[in-house]
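**Q**
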Amino acid sequence: EISQVKYSGALTTFVALKAIFPVSTLLFAYVDWPLIGRTDLNWLVWLSVALILPSIALYQWATGEQQKRYLQHPSLAACCWPLGRSRVVLAVDPL
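Here it is in structure tokens:
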């Protein structure tokens, strides 16, 4: 995990750790484990999975969009885009 944080960043590591939850949920719900068997899951657990998976997908999409902006011009890849966009545009091309 330390090398993951060093090379990819804390947020990416956090998202990767959040991806473990849905995978382990499916494994505990559908696999008949020798010692513990299947686990009955509450509907709130399934709701959590339904919220986390699209959030991870949205994060991955936004990361790709930020990478595209960075390749276009490094100053366009501002934190909190589009909230910081007006300041970045002014910094690139003051009018």
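Using the working numbering, read the sequence shown as starting at 1 and increasing by one per residue. Yeah, the Cβ is synthetic: ideal placement off N, Cα and C, and Gly gets one too.
When the Cα atoms are used, what is the spatial distance from residue 58 to residue 10?
**A** 17 Å
**Q** Keeping to the same chain, check which residues put their C-beta closer than 7 Å to that of residue 18; ignore five residues upstream and five downstream.
**A** 52 and 56
**Q** To which residues of the same chain is residue 41 closer than 8 Å at the C-beta, ignoring the five residues directly before and after it?
**A** 25, 28 and 29
**Q** Have a look at residue 70 and residue 61 and give me their C-alpha separation to the nearest angstrom.
**A** 14 Å
**Q** Between which two residues does the alpha helix (DSSP H) carrying residue 56 extend?
**A** In the DSSP assignment, residue 56 falls within the unbroken alpha helix (DSSP H) covering 43 to 72.
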